Amino acid sequence: MKIVLIFFFLFGLSQAKVFTRCDLAKELVAKGIPRADLENWVCLIEAQSGSNTALKTGPTKNNNYGHGIFQIYDTFWCKTGSAGGDCNIKCEDLRNDDITDDIQCALMIKQRHGYDAWYGWKDMCKNQPLPSINNYGHGIFQIYDTFWCKTGSAGGDCNIKCEDLQ
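Residue numbers (mature numbering (1 follows the signal peptide of the UniProt record, and there is no 0)): -16 to -1, 1 to 150.
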């Protein structure tokens, strides 16, 4: 019995991730979020979920729950137990560490309603200074472009292109 409990405890831990701002930005870009929109998405995610992929909140006064890193509500967008809603996804799938499907659903929500669909974005990001995500770590040693390298051409204190560190 103890072994089964330990397995479920460890399996549950492997399903969640809390992103750092830098890792979140890299993941969003890798999954197709345009760099021009990155600061809004990072701000939205930090405001909605604290960058926690496993977060489930609720119920709201309408008995709805928010799921995952974008806090996508089961009102219209997902369905508990089986794929459904406008995003045709299980709500549970929005609470694992693979945010590919979360991003696709969030992009659909944004296309229909803009960032205003998220109260966290309206309260914390709209008409506010957005988080700085311009400094990226590059390569195995995570050398930051603030001082050491330059994106696009040789530069920085090391006089190298950041892309050459990948």
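For glycine and all other residues, C-beta sits at the position ideal for the given N, C-alpha and C. Quantities reported herein were computed from a predicted structural model and do not represent experimental measurements.
Rounded distance between the beta-carbons of residue j and residue i, thought under 8 Å
i     : j     : result
Tyr99 : Asn24 : 6 Å
Ile56 : Glu11 : That belief does not hold up - the Cβ atoms of Ile56 and Glu11 are roughly 17 Å apart, past 8 Å.
Ile93 : Val26 : With a Cβ gap of about 16 Å, Ile93 and Val26 do not count as contacting.
Gly50 : Gly42 : 6 Å
Ile53 : Ile29 : 6 Å
Ala31 : Leu22 : Going by Cβ atoms, the distance from Ala31 to Leu22 rounds to 15 Å, so no, they are not a contact pair.
Arg19 : Val13 : 6 Å
Asp58 : Asn48 : 6 Å
Residue range of the alpha helix (DSSP H) that includes residue i
i      : result
Tyr49  : Where Tyr49 is concerned, there is no enclosing alpha helix (DSSP H), given that its DSSP letter is neither H nor E.
Gln95  : Thr84 to His97
Asp107 : Tyr103 to Met108
Residues bridged to residue i (per DSSP)
i      : result
Asn36  : Val2
Tyr57  : Gly50
Thr41  : Gly50
Gly68  : Ile73
Lys15  : Per DSSP, none; premise fails for Lys15.
Lys10  : None, per the DSSP bridge assignment.
Gly139 : Ile144
Requested in this report: Check whether the region 76 to 92 touches the region 106 to 118, taking contact to mean three or more Cβ pairs, one atom from each stretch, closer than 8 Å.
Outcome: Look at the beta carbons and you see the region 76 to 92 not touching the region 106 to 118: under three pairs across the two are nearer than 8 Å.
Report task. Count the CB pairs spanning the region 67 to 85 and the region 32 to 44 that are closer than 8 Å, and state whether there are at least three. Result -> Yes, the region 67 to 85 touches the region 32 to 44.
**Report entry** Cβ contact check for the region 134 to 145 and the region 44 to 64: 3 or more pairs under 8 Å
**Finding:** With the cut-off at 8 Å, the region 134 to 145 and the region 44 to 64 do not touch.
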